[in-house]
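Trainee:
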Amino acid sequence: GDSVTQMEGPVTLSEEAFLTINCTYTATGYPSLFWYVQYPGEGLQLLLKATKADDKGSNKGFEATYRKETTSFHLEKGSVQVSDSAVYFCALSALTGGGADGLTFGKGTHLIIQP
Amino acid sequence: DTEVTQTPKHLVMGMTNKKSLKCEQHMGHRAMYWYKQKAKKPPELMFVYSYEKLSINESVPSRFSPECPNSSLLNLHLHALQPEDSALYLCASSQFDTDTGELFFGEGSRLTVL
């Protein structure tokens, strides 16, 4: 079956440090890939997405590139802020062309940014 | 309107109570989902409705009863729950005919069972 593997953390960084959170996946076909973020006490928000190989998703200074050859979708940010402290979930959808069966999530990475 | 609205935000109930969680979206999405999330864990899929019909039930105990009265509303009826059912319950929706599979999530209902 489909699966997503990501570093679990917690990952603790100082403000303005460079961030990488690794994510690799296993899926048949050509899945869509997502990063969702969950701030304390809140639901999940879509951070960025990519739907085909070599696509780069970006939002709020975060970037991730869909690498089919390495089955990866690593999340990066050049300079993190305290407000980026949250849990980050890598996820995939194996559906193409319609349907509904939810997302396959990684276990989540708890990111802590210290001032 | 790109929101999924869940009520109540917080709910405390005893093991003999009957309560309901509600979810509403006005994006015209024809797929709606219930997820359960325990602390420090990823969301776990419970139910999927496609065009107001239950299409996926992930072997959820019968004390959880979903209902989709129309294309905009999704309910989760709760009865005789156990303390281990305490969790954040997330509702989500998506377009059915989509090339991306993106889900839109609500803020969640935090349930405590005493």
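Chains A and B, in that order, give the protein sequences. One gets the numbering used here by counting positions in the first sequence from 1 and adding 2 to each. One gets the numbering used here by counting positions in the second sequence from 1 and adding 96 to each. Each residue gets a CB set at the ideal place from its N, CA and C atoms; glycine is no exception.
Determine the burial state of residue 62 of chain A: buried for a count of at least 16 other Cβ atoms within 10 Å of its Cβ, exposed for fewer.
Mentor: exposed
Trainee: Please tell me whether residue 102 of chain A has its Cβ less than 8 Å away from any Cβ of chain B.
Mentor: yes
Trainee: Could you tell me the alpha carbon to alpha carbon distance between residue 64 of chain A and residue 210 of chain B, rounded to whole angstroms?
Mentor: 41 Å
Trainee: Alpha carbon to alpha carbon, how far is residue 14 of chain A from residue 23 of chain A? Give it in angstroms, no decimals.
Mentor: In a straight line, the C-alpha of residue 23 of chain A is about 12 Å away from that of residue 14 of chain A.
Trainee: For residue 202 of chain B, which residues in chain A fall below 7 Å Cβ to Cβ?
Mentor: 45
Trainee: What do you get for residue 117 of chain A, buried or exposed, if any count of 16 or more other CB atoms within 10 angstroms of its CB means buried?
Mentor: exposed
Trainee: For residue 77 of chain B, which beta-bridge partners are listed by DSSP?
Mentor: There is simply no residue 77 of chain B to check, as chain B begins at 97 and stops at 210 in what is shown.
Trainee: At least one CB of chain B closer than 8 Å to the CB of residue 16 of chain A: is that the case?
Mentor: no
Trainee: At the level of alpha carbons, what is the spacing between residue 185 of chain B and residue 112 of chain B?
Mentor: Their backbone Cα atoms lie some 19 Å apart in a straight line.
Trainee: List, in chain order, every chain B residue whose beta-carbon is nearer than 7 Å to that of residue 97 of chain A.
Mentor: 197
Trainee: Less than 6 Å between C-beta atoms, sequence neighbours within five positions excluded: which residues of the same chain meet that for residue 34 of chain A?
Mentor: 53 and 95
Trainee: Please report the straight-line C-alpha distance between residue 123 of chain B and residue 44 of chain A, rounded to a whole angstrom.
Mentor: Rounded to whole angstroms, residue 123 of chain B to residue 44 of chain A spans 21 Å at the Cα level.
Trainee: Going by the beta-carbon positions, is the gap between residue 198 of chain B and residue 75 of chain A smaller than 8 Å?
Mentor: no
Trainee: Which residue comes first and which comes last in the beta strand (DSSP E) that contains residue 167 of chain B?
Mentor: Here residue 167 of chain B belongs to no beta strand (DSSP E), and DSSP marks it neither H nor E.
Trainee: So, is the C-beta of residue 48 of chain A closer than 8 Å to a C-beta in chain B?
Mentor: yes
Trainee: CB residue 89 of chain A to CB residue 112 of chain A, shorter than 8 Å?
Mentor: In this structure, residue 112 of chain A lies closer than 8 Å to residue 89 of chain A by Cβ.
Trainee: What's the C-alpha gap between residue 104 of chain A and residue 183 of chain B?
Mentor: Taking the straight line from one Cα to the other gives about 19 Å.
Trainee: Closest to residue 9 of chain A by CA distance: which of A/47, A/17 and A/21 is it?
Mentor: A/21
Trainee: How would you label residue 150 of chain B, buried or exposed, when you count the other beta carbons within 10 angstroms and need 16 or more for buried?
Mentor: exposed
Trainee: Smallest Cα separation from residue 156 of chain B: which of B/147, B/164 and B/143?
Mentor: B/143
Trainee: Counting only beta-carbon separations shorter than 8 Å, does residue 73 of chain A have a partner in chain B?
Mentor: no
Trainee: Put residue 13 of chain A into one of helix, strand or coil per three-state DSSP.
Mentor: strand
Trainee: So which residues of chain B does residue 11 of chain A contact, with C-beta pairs closer than 8 Å?
Mentor: What residue 11 of chain A touches in chain B: nothing, since even the nearest Cβ is about 10 Å away.
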